[in-house]
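Numbering (this note's numbering), first residue to last: 898 to 1156.
C-beta atoms are modelled at their ideal positions from N, C-alpha and C, and glycine is treated no differently.
Note that the structure is predicted; figures quoted are calculated from it, not measured.
Report on one structure; see the data block that follows.
Here's what the structure looks like:
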């Protein structure tokens, strides 16, 4: 039993580590799935998640036969005290997107987190340079900009933001803050990188603090910053039994990745 909220928060990584150590079953609404933890040590948890697919095989008599196939993705989870990171390999034969896999993990873990009164948020880290390139491309046509921000316990990321989301959320018992900028009478918003407040919001969101949607005059659908998700190249085979050197490389890539 924990005496107060502060004690509960201090133990959040311990709770998550306990859940990840006995990884909950991944469930997909439409697909049969399999999973296997291939590495677990300290803050690192590496697993493979496969999905059952049916494929047609051509036989020598020119007939076809249905076969089972289990394409998979590799998932790396780091339960670092300051910031928790998930990296997911891309295999569209298994799952349509990494976001689908992230949601499956979130749903499985969240069921276990409820007993500790914690909520799990999973947001993509996105490439800021591509976001700003998009802003510059449609500079004269941006009529609304919406920041959908979460307030997780990410101390280093929170330092980026000039607005104290943590305090606001604690005082109001909220988990998310939506801040939307709308232009007057269809005129374009003045969004630029020189604006310290806007830049800090973008920096925060880019490091997993949320998403940004952009409404552009003449386009029906909003564009989202999360489409520019950060990606890195890594040899999956080396993850089956990673050495300390490989784990150090993963730390630099996944946690200390430059903005």
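- Between residue 1046 and residue 1101, the CB-CB gap stays under 8 Å.
- Between residue 1075 and residue 1018, the alpha-carbon positions lie close to 15 Å from each other.
- Secondary structure note for residue 991: it is in no beta strand (DSSP E), with a DSSP letter that is neither H nor E.
- Annotation: the continuous beta strand (DSSP E) that includes residue 1044 extends over 1039 to 1047.
- The Cβ-Cβ distance between residue 949 and residue 929 falls below 8 Å.
- Bounds of the alpha helix (DSSP H) holding residue 1026 are 1025 to 1034.
- Residue 914 and residue 1080 have their C-alpha atoms some 45 Å from each other.
- Ranking 1110, 1133, 977 and 1087 by CA distance to the CA of residue 938 puts 977 first.
- In the DSSP assignment, residue 974 is bridged to 942 and 983.
- In the three-state reduction of the DSSP assignment, residue 914 falls in the helix class.
- Residue 932 carries a strand assignment under DSSP once its states are collapsed to helix, strand and coil.
- Under the DSSP assignment, residue 952 falls in the beta strand (DSSP E) whose first and last residues are 950 to 955.
- Excluding its 5 nearest sequence neighbours in each direction, residue 990 has C-beta neighbours in its own chain below 6 Å: 968, listed in chain order.
- Of the residues assessed, residue 1112 falls on the buried side of the cut-off, its CB having 16 or more other CB atoms within 10 angstroms.
- Taking C-beta separations shorter than 6 Å and ignoring five residues to either side along the sequence, the partners of residue 1044 in its chain run 1076, 1098 and 1109, following chain order.
- Sorting 1095, 1039, 1138 and 1025 by C-alpha distance to the C-alpha of residue 1123 places 1025 at the top.
- Boundaries of the beta strand (DSSP E) around residue 966: 961 to 966.
- The three-state reading of DSSP puts residue 1151 in helix, counting H, G and I together.
- In this structure, 940 is the residue among 927, 923 and 940 with its C-alpha nearest to the C-alpha of residue 912.
- Contact between residue 1021 and residue 1126 holds, since their C-beta atoms are separated by about 4 Å, short of 8 Å.
- With a threshold of 16 other beta carbon atoms within 10 Å, residue 964 falls short and is exposed.
- When beta bridges are read from the DSSP output, residue 1111 appears opposite 1042 and 1120.
- Listed in chain order, the beta strand (DSSP E) elements of length 3 or more contained wholly in the region 1068 to 1099 are 1073 to 1079.
- Residue 981 and residue 942 have their alpha carbons spaced roughly 11 Å apart.
- Only residues of its own chain outside the window of five on either side were considered, and among them 1108, 1109, 1110 and 1111 have a CB closer than 8 Å to the CB of residue 1121, listed in chain order.
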